[in-house]
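All remarks here apply to the structure that follows.
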Amino acid sequence: MKSAASDIIRGLWNELYPDATDASGLDILLAELSHARNALAFEPQPEGWYKDAVVYALYVDFFNNTFDGLVEKLDQLQELGVNCLWLLPILDSPMRDAGFDIRDYRNIRAGLLGLPADTPVEVKQRAFRDFLKMAHNRGIKVIFDIAMNHTSEEHPWFTESRKSPDNPYRDYYIWNKDTNKYKETRLLFKGMCPSNWEKDGEWYYFHRFFEFQPDLNYRNPEVLIEVCRILVFWLSQGLDGFRADAIPYIWKEDGTNCENLPKTHTIIKIFRAVLDYVRPNTLLLAEACQPPAEVVRYFGNGDECHAGYHFPLMPMIFKSLATGDATPVHHVLHPSITPEIGIDNQWFMFLRLHDELTLEMVTPEDRALIHGHYCKDPRWDFRVGEGISARLSELLDRDYRKIGLAYSIMLTLPGTPIIYYGDEFARLNDEAFYALYKKETGKDDTRYFVRGPMQWKKIESELADKESLTFKVNSLIREQLKVRRGVQAFGRGSLNWATVNVSDAPEAGNQVLSYIRSYGKERILVLNNLAGSSLTIDQINAEKLKGHDMFSGDEIEMPLALEPYGFRWIRMDA
1087 MKSAASDIIR GLWNELYPDA TDASGLDILL AELSHARNAL AFEPQPEGWY KDAVVYALYV
1147 DFFNNTFDGL VEKLDQLQEL GVNCLWLLPI LDSPMRDAGF DIRDYRNIRA GLLGLPADTP
1207 VEVKQRAFRD FLKMAHNRGI KVIFDIAMNH TSEEHPWFTE SRKSPDNPYR DYYIWNKDTN
1267 KYKETRLLFK GMCPSNWEKD GEWYYFHRFF EFQPDLNYRN PEVLIEVCRI LVFWLSQGLD
1327 GFRADAIPYI WKEDGTNCEN LPKTHTIIKI FRAVLDYVRP NTLLLAEACQ PPAEVVRYFG
1387 NGDECHAGYH FPLMPMIFKS LATGDATPVH HVLHPSITPE IGIDNQWFMF LRLHDELTLE
1447 MVTPEDRALI HGHYCKDPRW DFRVGEGISA RLSELLDRDY RKIGLAYSIM LTLPGTPIIY
1507 YGDEFARLND EAFYALYKKE TGKDDTRYFV RGPMQWKKIE SELADKESLT FKVNSLIREQ
1567 LKVRRGVQAF GRGSLNWATV NVSDAPEAGN QVLSYIRSYG KERILVLNNL AGSSLTIDQI
1627 NAEKLKGHDM FSGDEIEMPL ALEPYGFRWI RMDA
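According to our numbering, the sequence shown holds residues 1087 to 1660 in order.
Here you go:
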């Protein structure tokens, strides 16, 4: 491999490992990349495809048992408006953390494919390729989770590593004789893990998550090479992108908090260069629960991740819904909080993380307000006040109007929206599933309230009842996605706040979260009524409004009525 890409990778390698004297491993990797690129049977991805995506996040087994079950629902998802599936962990795992504890990076769990446990790996890989073809035939791209920071303690690398200090795999992980290293590193799982170190014989190994998820040691170049090979392998299978789990933590340095370190970014640049060389525009999505200014650093100069989650926006949407005040959303999207991003970069938006409504990135005052308002059951508490494990419908009082309003906000603010499986059917917390996994894992992990299997027969029955919450929420979201389809202003356009005047109540203007999305000739005005009462608007930006309602097609006439928790999307006339 002699190209600009190889020069980039080699330069980054030297930056990461300046004292390395043996580059033979890198030379072998570069040769493998050249072979993989030449052998790849797929065209480059369309540039910026992820900006026009509507993402549906699901656990295959909880959604419909197996990949065959998922295939049965592909037409339904396509009809809903989904054009990208985010598969939550599918790789081989002991399943002590819903699959985020990976035992084999090239092997899919046999049960997800409806195959016996002893099925050869090649057969499972072929079955997954067949699934990808069926999704791609419907215009649906597929990405999946890959934990790059840690493995399962059952991964062969770790089972070898823990055998002795002399084992060749010892340095694949981080071992120490005591717990005095990395003392400034915060605990991520408060209330569930007392330390980032776990005793194993006379030694301790380091972990940022559960004790059964030991952290990889990227100071060992062999670890980086192996992870690059894993990425390339899944490109060869036809995967469209990766959600890079827990990437802020992958490089450790004593005397720091071991988060967002410069060499972490160097590693991500290597991953991106590998993906760009083998199959350009393969999505690399940063899972970094950090302030936006830190997340933006994971975009680099267009040479790191393509996209990242906007974690702090999520709780501010909920604060605005709780207080009936648009200010929190205005504040978090101000350039001083959310910097501008590159033209090729994108925010991914959600109303709830698949784990919880995270309160990690808010002030103590906001944490108390949001937690106090939404944590209606003390069992929903996650990480001692830093999160709430509850389904969207539970958080929003099982009120279809509030759910529709929340979706209106997510679908129209800048970014790519993510639907968490079941939310489109107003799924509620799964009490039985939580109790089952608490018993099986021995961990009081409240996230299992928001996981669990879809009850398709129950859903179908409820959809037949037009008075059911399921029917009302599904109809609303389905209509929103239908109207949103093909409107590039939402996924690619600029954002400008609009000022509204409420008739007879000027002070109520801040109860309306209002903005204009613009892209090319498209100008869309969005009005979201955060109040539980009707409002009448007689002016927008001190001007008369001309346009058409995107749902009814009717010409807009002033004054304009907004129902309690109502929303309007208006295509503005030129």
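No residue lacks a Cβ here, since even glycine has one placed at the ideal position from N, Cα and C.
Is it the case that the Cβ atoms of Met1540 and Phe1298 are separated by a distance below 9 angstroms? Using a Cβ distance threshold of 9 angstroms, Met1540 and Phe1298 do not count as a contacting pair.
Whose C-alpha, out of Ile1094, Trp1289, Val1360, is nearest the C-alpha of Ser1250? Trp1289
If you follow the beta strand (DSSP E) that Asn1615 is in, where does it begin and where does it stop? 1608 to 1615
Residues bridged to Tyr1506 by DSSP? Ala1143
Please report the Cβ distance between Phe1292 and Ile1333, rounded to the nearest whole angstrom; I am assuming they are in contact, meaning their Cβ atoms lie under 8 angstroms. At roughly 17 angstroms, the Cβ-Cβ gap does not stay under 8 angstroms, so Phe1292 and Ile1333 are not in contact.
By the three-class DSSP mapping on this structure, what secondary structure does Trp1261 have? strand
Using three-state DSSP, classify Asp1286 as helix, strand or coil. strand
So the alpha helix (DSSP H) Val1157 belongs to, where does it begin and stop? 1153 to 1158
Hey, out of Pro1180, Val1141, His1416, Pro1398, whose CA is closest to Pro1242's CA? Pro1180
Secondary structure of Asp1252, DSSP reduced to three states: If DSSP states are grouped into helix, strand and coil, Asp1252 belongs with coil.
Among the candidates Gly1394, His1416, Cys1391, whose CA atom is the shortest distance from the CA of Ile1403? His1416
Report yes if the C-beta distance between Asn1346 and Glu1308 is below 9 angstroms; otherwise report no. Contact: no.
Where does the unbroken alpha helix (DSSP H) through Gln1211 begin, and where does it stop? 1207 to 1223
Can you tell me the Cα-Cα spacing of Tyr1651 and Tyr1507, whole angstroms? 23 angstroms
Out of Lys1543, Val1569, Leu1177, Met1644, state which residue places its alpha-carbon closest to the alpha-carbon of Val1586. Met1644
Local conformation of Ala1332 per DSSP, three classes: coil
Could you compute how far the alpha carbon of Gln1597 sits from the alpha carbon of Ala1660? 27 angstroms
If we ignore side chains and look at the alpha-carbon of each, how far apart do Asp1326 and Lys1227 end up? 6 angstroms
With which residues is Ser1600 paired in a DSSP beta bridge? Leu1613
Let me make sure I understand the geometry here. Which of Gly1577, Lys1285, Ala1584 has the alpha-carbon closest to that of Gly1501? Gly1577
Exposed or buried, which one is Asn1282 when buried takes at least 16 other CB atoms within 10 Å? That one is buried.
At what residues does the alpha helix (DSSP H) containing Lys1488 begin and finish? Per DSSP, Lys1488 belongs to the alpha helix (DSSP H) from 1486 to 1498.
Going by the beta-carbon positions, is the gap between Val1588 and Tyr1601 smaller than 9 angstroms? no
Cβ neighbours of Met1658 in the same chain (closer than 8 angstroms, five flanking residues each side left out): Ile1602, Arg1609, Ile1610, Leu1611, Leu1631, Lys1632, Gly1633
Ignoring anything shorter than 3 residues, give me the beta strand (DSSP E) runs that lie fully in the stretch 1394 to 1471, in order along the chain. 1432 to 1435
Reducing DSSP to helix, strand and coil, say where Asp1189 ends up. In the sequence under discussion, the amino acid at residue 1189 is Arg, which differs from the Asp named in the question. Coil, per DSSP.
Rounded separation between Lys1315 and Ile1194 - CA only: According to the sequence shown, residue 1315 is Arg rather than Lys. The alpha-carbon atoms of Arg1315 and Ile1194 are separated by roughly 16 angstroms.
With three or more beta-carbon pairs closer than 8 angstroms as the criterion, would you say the stretch 1120 to 1137 touches the stretch 1352 to 1370? Yes: the two stretches touch, three or more of their Cβ pairs being nearer than 8 angstroms.
Given a threshold of 16 other Cβ atoms within 10 Å of its Cβ, counted over all protein chains shown, does Gly1606 qualify as buried or as exposed? exposed
Comparing C-alpha positions only, which one of Ile1229, His1222, Leu1317, Ala1090 sits nearest to Tyr1191? Leu1317
Let me know the secondary structure DSSP gives Ala1512 once reduced to three states. coil
Any alpha helix (DSSP H) of 4 or more consecutive residues that is wholly inside the stretch 1520 to 1552: 1542 to 1549
Straight-line CA distance for Gly1595 to Lys1349? 47 angstroms
Per DSSP, which residues does Leu1370 bridge with? Please list them. Phe1328
CB contact flag (Asp1286, Arg1294, <9 angstroms): no
Residue closest to Ile1474, alpha-carbon to alpha-carbon, out of Ser1547, Phe1535, Phe1128: With distances taken between Cα atoms, Ile1474 lies closest to Phe1535.
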